[in-house]
Amino acid sequence: MARSGLTAFAVALLGASALAAPAALAQADTTLTVAISGDIDNFDPATNQLIAFQQAIGNTVFDSLIGYDENLELVPRLASSWDVNDDATEFTLTLQEGATFHNGDPVTAEAVIASLERSAEFGGVIGTPLQRVTMFEAVDEGTVRMTLEEGYAPFLTALTVVFILAPDSFETATSEPIGTGPFRFEGWVPNDAITLTRNDEYWGELPAFETLEFRPVPDSQVALTNLYAGDVDIVAEPSTAVLNQIDESQAQLVQPSASNSMAYVEMMGTTGTLSDVNVRRALAHAFDRESVQAIAYSGLGESTPSPLPTSSWAYADLEGYPFDLEAARGLLEEAGVDGLTVGLEMPAGFPEAEQMARVWQSSLAEVGVTLDINVSELSVWLDAYVSRDYDMTWNFFGVSPDPHSFFDVILRPHFEGDVYDNPEVAELVEAGISTGDMAEREEIYAELQDIVVDELPVMTVQSRPVGAIAAPHVEGFAMNPLGWGLYSGVTLAE
Amino acid sequence: MTRLLPALRILAIIWVVITVVFVTLRLTPGDPAELLLGPTAGRQDVQERLADIRAQYGLDQPIPVQYAIFVGNVLQGDLGESNRSARPVISMIAAAAPVTIWLIVLSVGTAIPISIFLGMIAAARRGRTLDRGIRSLATLCMAVPSFWLGLLFLQWFASGLGWFPSRGYVAPLTDPGGFMMHMALPVITLAIFLVGTLTRFVYTETADTLQRDYITVSRAMGLASRTILFRFAAKNSLTPLIIVVGVEIGTLIGGAVIVEEVFGLPGLGRLLLGAVMSRDYPVVQGTILVITVAVILINIAAEMLYRYITPQARS
Chain R
1 MARSGLTAFA VALLGASALA APAALAQADT TLTVAISGDI DNFDPATNQL IAFQQAIGNT
61 VFDSLIGYDE NLELVPRLAS SWDVNDDATE FTLTLQEGAT FHNGDPVTAE AVIASLERSA
121 EFGGVIGTPL QRVTMFEAVD EGTVRMTLEE GYAPFLTALT VVFILAPDSF ETATSEPIGT
181 GPFRFEGWVP NDAITLTRND EYWGELPAFE TLEFRPVPDS QVALTNLYAG DVDIVAEPST
241 AVLNQIDESQ AQLVQPSASN SMAYVEMMGT TGTLSDVNVR RALAHAFDRE SVQAIAYSGL
301 GESTPSPLPT SSWAYADLEG YPFDLEAARG LLEEAGVDGL TVGLEMPAGF PEAEQMARVW
361 QSSLAEVGVT LDINVSELSV WLDAYVSRDY DMTWNFFGVS PDPHSFFDVI LRPHFEGDVY
421 DNPEVAELVE AGISTGDMAE REEIYAELQD IVVDELPVMT VQSRPVGAIA APHVEGFAMN
481 PLGWGLYSGV TLAE
Chain P
1001 MTRLLPALRI LAIIWVVITV VFVTLRLTPG DPAELLLGPT AGRQDVQERL ADIRAQYGLD
1061 QPIPVQYAIF VGNVLQGDLG ESNRSARPVI SMIAAAAPVT IWLIVLSVGT AIPISIFLGM
1121 IAAARRGRTL DRGIRSLATL CMAVPSFWLG LLFLQWFASG LGWFPSRGYV APLTDPGGFM
1181 MHMALPVITL AIFLVGTLTR FVYTETADTL QRDYITVSRA MGLASRTILF RFAAKNSLTP
1241 LIIVVGVEIG TLIGGAVIVE EVFGLPGLGR LLLGAVMSRD YPVVQGTILV ITVAVILINI
1301 AAEMLYRYIT PQARS
């Protein structure tokens, strides 16, 4: 007994494990190695709702019914076409012909419905829109119809993050997901590698390389060195600071056509000093957009007061709050506030946010406001954010092509959780989704942006310059404005 | 009875460590369930899912109940499953441990001969330039932050000269050559820190021994100073090194966390760091338990070896 234990230990030390072998073999083939900033430990697309998962695994191992192209236009994915009625209550999708899951099972309407129903059951930000579906219907083998009780205009964009999982792997998806995407899930060695191999049976265009490998490298500087050394082909999510210091003879910067990643400062609107809207406006007047952009973002990105990215069809060009310390002083005086101290929370790991805060801190000091900057570890920040335990908090969000995403994900918790009191906003947010009429929606979102900028439950910092770093031999790599790397189209030059 | 006492003391240490870890984890802000859902965990329509996750991992139980379950499972040899990947903690540790063991064994193996050589030379040349140079070097080795040094090595030897791979781990049986190449930079980084500590120790011990009467007598007998240094003084001044290396193991595991992070080695350090960041309680608890047991065993082994070598310590 003791001897077999010792033998097992010796075997483990020498690494004669089954896992090590295929990884070593795969090295000989064409492999695209991507450094990601954190490990991924759960591969079930219904329960892992983190953006990092959607970018790396959702989009490669799986197909959503509808996808994005590199300009965030909706394009066919597992559904080759779709049809929506005028009320946005009935969505009929035709599935790709001949598509199969990685285990060989055909993609049928029943299988797709089972997967959608499972996502709805798990809820969360991905499943909740599906809970609006009152009836899932397999019209025939290759057609799925979803009926909603009330109109829900953003439904198609909501489908872009609902990834279709094979019913056979419902129980095992955490560690062995089976999808329909261009890559099969091969294996995961914690803190080392997530290995995917090309799905040669893919219904769509086949990737030009055989293996896609994600390697977690938390430090962007280390990841860039790995790329220079030739051990990594793409650094997927480098920090803004590292993005600006690449050596162009050794690497290329890949950026999307626009950035939908927006940085915000969310404010506590119902308790404490900030419940006075004039105090919030005073803080905004002391926010020097020009300096913040120059210092924190190296002059990149777009600095606009609207919470929506300029590329959005609903974007409204608003004046906002020009940098004006006199106006800030006047508003503070009007509010009867003197010697104010305001806390600003932010998670560690975002140096550009800290720089933004320093710039703001120095102008606020000139109007007698002390800005207390608290940088905490991500989980500590998250806890304070979720329980709304802050004066102000920095945050960022990738606004999907439907403007509803900002009002739903970022603003909704404000009026639902008593952080911001304006019943009109809740009504407008509902109105914005219950009609499919674009002109009407545009009007509603213009009004919503106006209110948000005027009352400042959330102050927009600016858009974040997203980008990736690729080695010179990587060709055809693109990113969409949400910052998702589109790996399938990459070719590796000799 | 007296033979049982050390065993009881060891169990008490382990119990204190796992209890402190258990309590500290739960007192630290940060909620594992919220981390699984990200910033949307505050939405009203997500609360049900949040409650489901808490129930799934037993986080909805009162802390004393969670503690009782945890200790009960540990006593049965069950370290539980990861809150994130649902993998058994014991198999995650088994996969990560070889990397860290190799890193530490090779670092210690590299550092000991270098430290002995440098420490004894410095002691023999006490007060001269060589002595001062070596001792300054030792202090420098201790003072240089491993993270910075690791990055520097990456830039010079992996990225610049391309001599070594810049990241990752290859098991020795899969590819012995690749194993050595992948381990070279991490081992040197960790060994440099250890050389600093050990050289200073060897120096002090040897310098002390060289003052003893029997050395003076040997000198008077006209024995070559090299013989005195390496045959007589070494025996007395090097045996305590065994104990020091045992004590340093704990520090080395701390250093391994940083080195593994820089060089992308999937060892215990990264496992622990990642688990702390994601508040994966079972993985943190299990990893610390295993490390504690390992450190205790290594220290016991070091002490036994020391007693075996030095007869006067046996009584």
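Those sequence lines, one after another, are chains R and P. When we follow the working numbering, the leftmost residue of the first sequence carries the number 1, and every step to the right adds one. When we follow the working numbering, the leftmost residue of the second sequence carries the number 1001, and every step to the right adds one. Backbone N, C-alpha and C fix where the C-beta goes; we use that ideal spot for every residue, glycine too.
P/V1023 sits exposed, since fewer than 16 C-beta atoms from the chains shown fall within 10 Å of its C-beta. Secondary structure note for R/D83: its beta strand (DSSP E) is the uninterrupted segment A79 to V84.
Shown here for R/D86: same chain residues with a beta carbon closer than 7 Å to its own, the five before and five after excluded, namely G436 in chain order.
Approximately 6 Å separates the beta-carbon atoms of R/I444 and R/L428; this is inside 8 Å, confirming the contact. When DSSP assignments are scanned along the stretch 390–449 of chain R, the uninterrupted stretches of alpha helix (DSSP H) that are 4 or more residues long and fall wholly within it turn out to be 412–416 and 423–433. In this structure, R/A296 is the residue among R/A471, R/A296 and R/Q96 with its C-alpha nearest to the C-alpha of R/V359. In the DSSP assignment, R/N374 is bridged to R/E345. Rounded to the nearest angstrom, the gap between the Cα atoms of P/G1119 and P/A1096 is 34 Å.
Look at R/I469 here: in three-state DSSP terms it is strand. Residue pairing of R/E137 in beta bridges, as defined by DSSP: R/R145.
Within the stretch 115–139 of chain R, the residues whose Cβ lies closer than 7 Å to some Cβ of chain P are F122, G123, G124, V125 and T128, listed in chain order. In the assembly as shown, P/P1145 is an exposed residue. Its beta-carbon has fewer than 16 other beta-carbons within 10 Å. With contacts defined as CB atoms closer than 7 Å, R/L344 and R/M267 fail to qualify as a contacting pair. With fewer than 16 other Cβ atoms inside 10 Å of its own Cβ, P/Q1211 counts as exposed.
Listed by position along chain R, the residues whose Cβ is nearer than 7 Å to that of P/G1038 are Q49 and L50. Spatial neighbours of R/V337 in its own chain (CB-CB distance under 7 Å, excluding positions within 5 residues in sequence) are listed in chain order as T273 and V279. Within the same chain, and ignoring the five residues on either side of R/E377 in sequence, the residues whose Cβ sits closer than 6 Å to its Cβ are A348.
The Cβ atoms of P/S1115 and P/V1046 do not sit closer than 7 Å to each other. The continuous stretches of beta strand (DSSP E) do not include R/E366, which lies in the alpha helix (DSSP H) extending over residues P351 to E366. Taking R/W82 as the centre and dropping the five residues before and after it, the same chain places the C-beta of L93 closer than 6 Å to its C-beta, in chain order.
Separation of the CB atoms of P/I1309 and P/T1239 is rounded to 5 Å, and the pair is thereby assigned contact status at 8 Å. At a cut-off of 7 Å between C-beta atoms, R/D39 counts as an interface residue with respect to chain P.
For R/T108, the closest Cβ of chain P is not nearer than 7 Å. At a C-beta separation below 9 Å, R/N260 has no neighbours in chain P, since its nearest C-beta there lies roughly 16 Å away. According to DSSP, R/I194 shares a beta bridge with R/W188 and R/F214.
Of all C-beta pairs linking the stretch 1275–1290 of chain P to the stretch 1253–1264 of chain P, fewer than three are shorter than 8 Å, placing the two stretches out of contact. In this structure P/F1201 is buried. Its beta-carbon is surrounded by 16 or more other beta-carbon atoms within 10 angstroms. Chain R places no beta carbon closer than 7 Å to that of P/A1051, leaving this residue out of the contacts.
Below the 7 Å Cβ cutoff, chain P contributes P1266, R1270, L1271 and G1274 as neighbours of R/N191, in chain order. Straight-line measurement puts the Cα of R/S64 at about 15 Å from the Cα of R/F43. The beta carbon of P/Q1211 does not come within 7 Å of any beta carbon belonging to chain R, so the residue lies off that interface. By the Cβ neighbour-count rule, R/E213 is buried, with 16 or more other Cβ atoms within 10 Å of its own.
Following the DSSP letters along the chain, one finds R/G67 inside the beta strand (DSSP E) bounded by residues I66 to Y68.
Residues of the stretch 1296–1308 of chain P that bring their beta carbon within less than 8 Å of a beta carbon in chain R are absent altogether. Within chain P, the residues whose beta carbon sits less than 8 Å from that of R/Y385 are P1039 and G1042, listed in sequence order. Think of a sphere of 8 Å around the beta carbon of R/L344: no beta carbon from chain P falls inside it, the nearest being about 16 Å out.
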